[in-house]
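Trainee: Structure incoming, see below.
Pasting the structure below:
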């Protein structure tokens with residue numbers, strides 16, 4: 015569904031991704047891991063087309079922003095401070111790419127699933143960080159795209175909500191969507207992910223199913239944590 019071949023990308027003179035190649039498939043939930051500055055967020059922006067590689071190819075390449083918005087939903091790391099809109103207004107923005115299609119879509123089930131019905135008339139800017147993340151996830155979900163990209167989507171949520179929303183993303187992947195999430199959460203996410211990618215210094219260091227590759231040694235090499243850290247497979 016998404017293929018990157020020999021991607022090279024730099025910010026100025028700082029190389030961020032180096033000869034990166036990987037193929038993402040429909041129907042899988044991917045987790046992208048790595049230390050700060052390893053190129054995780056840049057990878058997502060290359061997939062969206064917001065950034066262009068210096069060399070290498072990203073497939074597919076969308077011709078217009080509207081075409082891209084119908085194929086890729088992107089939940090960014092920082093929740094934007096929108097003009098005074100209600101929660102419901104913000105969520106409905108996710109349907110904007112489909113405004114000319116005549117395609118009907120009810121946002122009510124998603125508002126209910128993410129427990130946003132009680133908040134739907136609140137002004138978005140007055141919400142807590144965790145509430146804003148729930149709203150932005152809802153906006154991406156109502157966009158109803160084949161590909162979902164999420165950059166640290168649950169960093170402000172308590173562990174109960176994390177499990178709940180990981181479960182939703184897993185269901186979407188099982189239903190055929192390609193879900194790609196950048197996260198530092200190696201413990202809760204591993205219960206839901208199908209495939210994981212570990213970036214190190216701009217390169218793909220290791221990839222595979224969590225149960226196959228997660229180890230104390232890997233986390234020592236990627237995050238420089240004590241190799242004696244207890245990690246149950």
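Numbering (this note's numbering), first residue to last: 15 to 247.
Idealized CB from N, CA, C, for every residue including glycine.
Remember, it's a predicted structure, so these values are computed and weren't measured experimentally.
1. In the DSSP output, which residue or residues are listed as bridge partners for residue 53?
2. Taking 8 Å as the cut-off, decide whether the C-beta atoms of residue 248 and residue 16 are in contact.
3. With residue 103 as the anchor, note down where its beta strand (DSSP E) starts and where it stops.
4. Leaving out the 5 sequence neighbours to the left and right, which residues in its chain are closer than 7 Å to residue 247 when beta-carbon positions are compared?
5. Please tell me whether residue 43 and residue 183 are closer than 8 Å, where the distance is taken between their beta carbons.
6. Tell whether a beta-carbon distance below 8 Å holds between residue 101 and residue 216.
7. Is residue 80 helix, strand or coil by DSSP?
8. Could you tell me the alpha carbon to alpha carbon distance between residue 235 and residue 207, rounded to whole angstroms?
9. DSSP on residue 147, reduced to helix/strand/coil?
10. With 16 other CB atoms within 10 Å as the buried threshold, where does residue 223 fall?
11. In angstroms with no decimal places, state the Cα-to-Cα distance between residue 126 and residue 179.
12. Beta-carbon separation of residue 71 and residue 23 under 8 Å?
13. Comparing alpha-carbon positions, which option in 121, 144 and 36 lies nearest residue 172?
14. Would a C-beta distance cut-off of 8 Å place residue 45 and residue 187 closer than the cut-off?
15. Counting beta carbon pairs with one atom in the stretch 78 to 87 and one in the stretch 106 to 113, are three or more of them shorter than 8 Å?
16. What residue does the beta strand (DSSP E) around residue 218 start on, and which one ends it?
Mentor: Taking the definition as stated:
1. In the chain shown, counting from the first residue as 1, residue 53 sits at position 39. By DSSP's assignment, residue 53 forms no beta bridge with any residue.
2. What is shown of the chain runs 15 to 247, which leaves residue 248 out entirely.
3. On the chain shown, residue 103 is found 89 positions in, with the first residue counted as 1. Residue 103: not part of any beta strand (DSSP E); member of the alpha helix (DSSP H) spanning 101 to 106, first to last residue.
4. Looking up residue 247 in the chain shown gives position 233. For residue 247, the predicted model reports a pLDDT of 47, less than 50, meaning its position is unreliable; a value from the coordinates is still stated below. Excluding residues within five positions, the ones whose Cβ falls inside 7 Å are 225 and 228.
5. Within the chain shown, residue 43 is the residue found at index 29, counting from 1. Within the chain shown, residue 183 is the residue found at index 169, counting from 1. Against a cut-off of 8 Å, the Cβ pair of residue 183 and residue 43 comes out as a contact.
6. Counting from one through the chain shown, the residue named residue 101 turns up at place 87. Counting from one through the chain shown, the residue named residue 216 turns up at place 202. No, they are not a contact pair.
7. Working through the chain shown from its first residue, we reach residue 80 at position 66. In this structure, residue 80 counts as helix in the three-state DSSP scheme.
8. Taking the chain shown and counting its residues from 1, one reaches residue 235 at position 221. Taking the chain shown and counting its residues from 1, one reaches residue 207 at position 193. If you take the alpha carbons of residue 235 and residue 207, they lie about 21 Å apart.
9. For the purposes of this step, residue 147 is identified with residue 133 of the chain shown, where counting begins at 1. In the three-state scheme derived from DSSP, where H, G and I count as helix and E and B as strand, residue 147 is classed as helix.
10. The residue labelled residue 223 in the question sits at position 209 within the chain shown. It is exposed - the Cβ of residue 223 has fewer than 16 other Cβ atoms within 10 Å.
11. As a working note, residue 126 is residue 112 in the chain shown. As a working note, residue 179 is residue 165 in the chain shown. For residue 126 and residue 179, the distance between alpha carbons rounds to 13 Å.
12. Sequence index remark: in the chain shown, residue 71 carries index 57 (1-based). Sequence index remark: in the chain shown, residue 23 carries index 9 (1-based). Against a cut-off of 8 Å, the Cβ pair of residue 23 and residue 71 comes out as no contact.
13. Along the chain shown, read from residue 1 onward, the residue named residue 172 stands at position 158. Nearest Cα to residue 172 within the set 121, 144 and 36: 144.
14. On the chain shown, residue 45 is found 31 positions in, with the first residue counted as 1. On the chain shown, residue 187 is found 173 positions in, with the first residue counted as 1. Not in contact: residue 45 and residue 187 (Cβ atoms no closer than 8 Å).
15. Yes, since at least three Cβ pairs between the stretch 106 to 113 and the stretch 78 to 87 fall closer than 8 Å, the two stretches touch.
16. On the chain shown, residue 218 is found 204 positions in, with the first residue counted as 1. For residue 218, the enclosing beta strand (DSSP E) covers residues 217 to 222.
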